[in-house]
Each structure stands twice: as C-alpha cells, then as structure tokens.
Amino acid sequence: MTDTPWQHIRSVLAWLDACNEDSPHETAMRLMKVGEEAGEAFQAYIGMTGQNPRKGVTHTAADVAAELCDVILSAMTALHSFTDDPEATFTAIVRTRNERLTALLWRECEGLQDAVRITRK
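Numbering (my numbering), first residue to last: 694 to 814.
See below:
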C-alpha cells in the first residue's frame with residue numbers, strides 16, 4: 694500500500710503508461726476520466742437525494758464522498774499530462790488560491806479576521 698495520494702498516483706501512472714502508448718489520445722482519455730468520475734459523483738448525489746422517483750434513495754453521503762475522491766484522484770492523474778511537476782504545480786495553485794481567499798476574507802469578513810490572522814502566519 695502507498696502512503697500518500699501522490700505515491701498512489703505514481704503507481705497508477707506506471708500501470709497506465711505500461712498498458713497504453715504516450716499519445717494525444719491517451720492524454721485526452723485521462724482528462725475525460727475526470728469528467729466521467731464527476732458524472733458518477735452527480736449520479737450518487739441524485740441517488741442520495743432520491744431525485745429520481747422511480748428509483749428512490751439509492752446512495753448515501755459516503756457514496757458521494759467516495760465518488761468525489763475518485764474525481765480528485767482522476768484529476769491528479771490527468772495533471773501529470775500537463776506539467777512536469779504536478780505536486781509543485783498543485784501546491785503553488787493552492788497557495789495562490791489561499792492568498793486570494795485570505796485577502797478576500799480580510800477585506801470583507803470582519804468576523805473572520807482572527808481566522809485570517811492564523812492563515813497569514
């Protein structure tokens with residue numbers, strides 16, 4: 694068993710790369726897998742809420758959570774096709790988004806300024 698999500702993704706990539714040629718088609722398939730998994734998350738949510746009266750409630754919140762994890766893992770896999778260092782790219786994007794959120798909270802949400810101070814440290 695692997696210890697981190699990124700280690701798991703490296704194992705997935707080794708398997709995919711051994712089975713499939715490196716091509717624009719393979720890159721597209723890995724990207725489309727993200728959309729497929731998102732569709733499964735939507736389907737699980739519909740099942741959780743019983744939106745389809747013919748089927749009723751067919752899923753749980755845990756099912757939705759599991760499908761969302763599959764979306765994340767698929768996106769992490771696809772990310773390798775678009776950057777040489779996906780971990781660093783992901784970390785940089787999270788940092789940028791955090792800085793943007795911190796500035797927004799600091800400017801617009803007086804009640805959250807204590808939380809923002811913790812984030813800024």
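Just so you know, even glycine gets a beta-carbon here, dropped at the ideal spot from N, CA and C.
Requested in this report: With DSSP collapsed to three states, give me the class of residue 697.
Outcome: If DSSP states are grouped into helix, strand and coil, residue 697 belongs with coil.
Report task. Would you grab the beta carbon distance between residue 733 and residue 763 for me? Rounded to a whole angstrom, and I think it's under 8 angstroms. Result -> 7 angstroms
Query - Inter-stretch contact (C-beta, 8 angstroms, three-pair minimum) for the stretch 772-786 and the stretch 729-748 - result: no
Query raised in the report: If you compare alpha carbons, which of 802, 774, 790, 799 is closest to residue 727?
Result: 774
Query raised in the report: What are the boundary residues of the alpha helix (DSSP H) that residue 720 is part of?
Result: 717-742
Query raised in the report: Do residue 702 and residue 753 have their C-beta atoms closer together than 8 angstroms?
Result: no
Requested in this report: Go ahead and label residue 723 buried or exposed: buried means 16 or more other beta carbons lie within 10 angstroms of its beta carbon, across all protein chains shown.
Outcome: So residue 723 counts as buried.
Report task. Inspect the beta-carbon positions of residue 767 and residue 730 and report whether they are closer than 8 angstroms. Result -> A contact, by the Cβ cut-off of 8 angstroms.
Query raised in the report: If we count the other Cβ atoms within 10 Å of its Cβ and call it buried at 16 or more, is residue 714 buried or exposed?
Result: exposed
Query raised in the report: By Cβ distance, which residues of its chain are closer than 7 angstroms to residue 776, with the 5 residues on each side in sequence left out?
Result: 782
Query - Member of 772, 747, 757 whose CA lies at the smallest distance from the CA of residue 721 - result: 772
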